[in-house]
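Chemist:
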Amino acid sequence: MANYSPRLSGVFHALDDPTRRAVVRTLVRGPETVSALAAPFPMALPSFLKHLAVLEESGVVRSRKEGRVRTCELVPRRLAQAERWLAAQRVVWESRSDRMVGFVENLHREEQARAKRNDRAR
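According to our numbering, the sequence shown holds residues 12 to 133 in order.
This is the structure:
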């Protein structure tokens, strides 16, 4: 498939889960410790760490360890790739939508003209 990109697919997979999207929303404000990121979620830390692993594997998030504290931060470059892909798709979708609108408007005009001719013939 020409538009297939494993990295891009990884980003969309990472953003597929509401927990991971919430983590990304939090990290938009700046780096956070894993403890602070995990606090709002009603799950065990090992389960939460699996979510972080998906975000890190996709390249959306990176972490660093200082002593006993692991801090995560967003990698905007990876999200920008997804944003560029979505923008390109939006252009395609809008073009198709514009053509559909034109088709429907043309069809409507033809039906109105046909109805006028039928009214005159009566």
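For every residue, glycine included, the Cβ atom is placed at its ideal position computed from N, Cα and C.
Because the structure is a prediction, the values reported are computed rather than measured.
Does DSSP classify R101 as helix, strand or coil?
Modeler: Note: R101 maps to helix in three-state DSSP.
Chemist: To the nearest angstrom, how far is it from the Cα of P53 to the Cα of V71?
Modeler: Taking the straight line joining both Cα atoms gives about 23 Å.
Chemist: Check whether the stretch 79-88 touches the stretch 26-46, counting contact only when three or more Cβ pairs, one atom from each stretch, lie closer than 8 Å.
Modeler: With a cut-off of 8 Å, the stretch 26-46 and the stretch 79-88 count as touching, because enough Cβ pairs lie within range.
Chemist: Tell me the DSSP secondary structure of A13 in three-state form.
Modeler: In this prediction, A13 has a pLDDT of 49, which is less than 50 and means its spatial position is unreliable; what the coordinates show is noted afterwards. DSSP places A13 in coil when its eight states are reduced to three.
Chemist: Counting only the same chain and skipping the five closest in sequence on each side, list residues whose C-beta sits under 6 Å from that of R81.
Modeler: Taken in chain order, the residues that qualify are V45, S74.
Chemist: With three or more beta-carbon pairs closer than 8 Å as the criterion, would you say the stretch 15-34 touches the stretch 92-101?
Modeler: Yes: at least three Cβ pairs fall under 8 Å.
Chemist: Helix, strand or coil, according to DSSP, for E67 in the structure here?
Modeler: Helix at E67.
Chemist: Taking Cβ positions, are L66 and R31 nearer each other than 8 Å?
Modeler: Cβ atoms of L66 and R31: closer than 8 Å.
Chemist: Thinking C-beta only, is D28 closer than 8 Å to H62?
Modeler: Yes, the pair counts as a contact, with Cβ atoms nearer than the cut-off.
Chemist: Cβ of A47 within 8 Å of Cβ of F59?
Modeler: Not a contact, by the Cβ cut-off of 8 Å.
Chemist: What is the rounded straight-line gap between the Cα of H119 and the Cα of R107?
Modeler: So the two alpha carbons sit approximately 18 Å from each other.
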